[in-house]
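Peer 1:
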Amino acid sequence: MAGQAGGKQPTINDVAALAGVSKKTVSRVINRSEFISEKTRKAVQGAIETLGFVPNPQARALAFRRNFLIALLHDNPNAQTVLNFQQGVLDAIKDSDLALLVRPVDRGSDRMLDDVRTFLEKQRPIGAMLLPPISENDDLAALCETLGVRYVRVGSAPLDDPQHCVASNDHDVVKEAVRRLVDLGHRRIGFVRGPEGFRSAAEREKGFREALADAGLSLADDHYAPGNYRYAAGVEAGEKLLALAEPPTAIFCSNDEMAAGVISVAHGKGIAVPGALSIIGFDDSPTATHIWPALSTVRWPIRQMGVRAAQLLVPDFLGAGAKAIDPDPAALTSTFVERQSVAPPGR
């Protein structure tokens, strides 16, 4: 039955009476205490279901000395990355009592750590997920540890112990993508960098350079263009690279937004893609299939990384129905997806 006769909402006392236990025992079951027998736990949960009892969230928060919140902290210029990760987290917690709180921070501020401390002390989340590039800040992870806030760091390479880290394989998959360009016959390959100071940018450039070295290729510095993961930076990079006396026949961009910017410049100059210029991006964001030609790119499993991060952060709050965590939570495989923006040079 849902509720009691006369419309009165069931109380914790009603649950205790039906289950034949104390009010304190009911509270312990609700708050997932480890010191409860399975028999007692089932009796209390059965009484809760029978009565349609809904625990008071404020009371639970007081019992835990935490709100039923998990925080996502980020300072990322790519809004789509944040949204995709956020959706993964929401996928993981949808059947739980948890709510997600998203907090942008300014990694360039001298007060960043103080601001995050104030936020965590005020909101009292159970845990925090740190997106790159702030996930690369060891002091921020240490602050979470000091405050007793669980944390998971997300990155393009392992940043912490496996229980505190979800990482992708950016370096290896970029090598694979560039190797594909080399195998098609490209020898002049441009590169559009990610933002300075981002580990993801460094990992992707490292993979690019190693692929060239493995193929016995070396490029002049003018074949490298700065970038910041935004479309406008891709436009600037395209103008620079395609104005060279010997422009590249292929360009690898450190994300899809910049790749779209390069493609727009190529279209404006009458340079056929992929006939005269092949282009590869990174992310496999919606942009990749919303432009013409459809973009060859690296599929970065950012939504799955959001799921994994939540599973690592709060497994005890996700319930028995949550999917089991992979025994190696530190690695999620990115893959190269070839579409219409890549072809042999001069096709």
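Mapping of the sequence shown onto our numbering: residues 50 to 396, in sequence order.
For glycine and all other residues, C-beta sits at the position ideal for the given N, C-alpha and C.
Could you give the first and the last residue of the continuous alpha helix (DSSP H) run that contains residue 239?
Peer 2: Run containing residue 239: none in the alpha helix (DSSP H); it sits in the beta strand (DSSP E), 238-241.
Peer 1: Between residue 164 and the rest of its own chain, which residues show a CB-CB distance below 6 Å, the 5 nearest in sequence each way excluded?
Peer 2: Hits under 6 Å: none found.
Peer 1: Does DSSP put residue 203 in a helix, in a strand, or in coil?
Peer 2: DSSP places residue 203 in strand when its eight states are reduced to three.
Peer 1: If you compare alpha carbons, which of 385, 62, 365, 67 is closest to residue 141?
Peer 2: Minimum Cα distance to residue 141 is reached at 365.
Peer 1: Between the stretch 202-212 and the stretch 175-189, do at least 3 Cβ pairs fall closer than 8 Å?
Peer 2: Yes, the stretch 202-212 is in contact with the stretch 175-189.
Peer 1: Closest by CA to residue 129, which one among 284, 357, 351, 387?
Peer 2: Closest option to residue 129, Cα to Cα, is 351.
Peer 1: Among 358, 324, 224, whose alpha-carbon lies nearest the alpha-carbon of residue 212?
Peer 2: When each option's Cα is compared against that of residue 212, the closest is 358.
Peer 1: Run through DSSP, which three-state label would residue 409 get?
Peer 2: The displayed coordinates of the chain run from 50 to 396. Any statement about residue 409 would go beyond what the structure contains.
Peer 1: Can you find the residues in the same chain that come closer than 7 Å, C-beta to C-beta, to residue 67, ignoring five residues on each side of it along the sequence?
Peer 2: Counting only Cβ-Cβ distances below 7 Å, and skipping sequence neighbours, we find 96, 99, 100.
Peer 1: Between which two residues does the alpha helix (DSSP H) holding residue 351 run?
Peer 2: Looking at the DSSP string, the run of the alpha helix (DSSP H) that includes residue 351 is 351-362.
Peer 1: Excluding the 5 residues preceding and the 5 following residue 162 in the sequence, name in chain order all residues of the same chain whose CB lies nearer than 7 Å to its CB.
Peer 2: Once the five neighbours on either side are set aside, the close Cβ partners of residue 162 are 188, 189, 192.
Peer 1: Going by alpha carbons, who is nearest to residue 236 out of 226, 261, 246, 224?
Peer 2: Here the closest residue by C-alpha is 261.
Peer 1: With distances taken from CA atoms, which of 65, 331, 266 is nearest residue 306?
Peer 2: Of the listed residues, the one whose Cα sits closest to residue 306 is 331.
Peer 1: Might you give, ordered along the chain, the residues of its own chain that have their beta carbon closer than 6 Å to the beta carbon of residue 394, omitting 5 neighbours on each side?
Peer 2: Result list for residue 394: 234, 235, 298, in chain order.
Peer 1: So residue 97 is in the alpha helix (DSSP H); what residue range does that whole segment cover?
Peer 2: Looking at the DSSP string, the run of the alpha helix (DSSP H) that includes residue 97 is 87-100.
Peer 1: Taking the C-alpha atoms as reference points, what is the distance between residue 144 and residue 356?
Peer 2: Straight-line Cα distance between these residues: approximately 13 Å.
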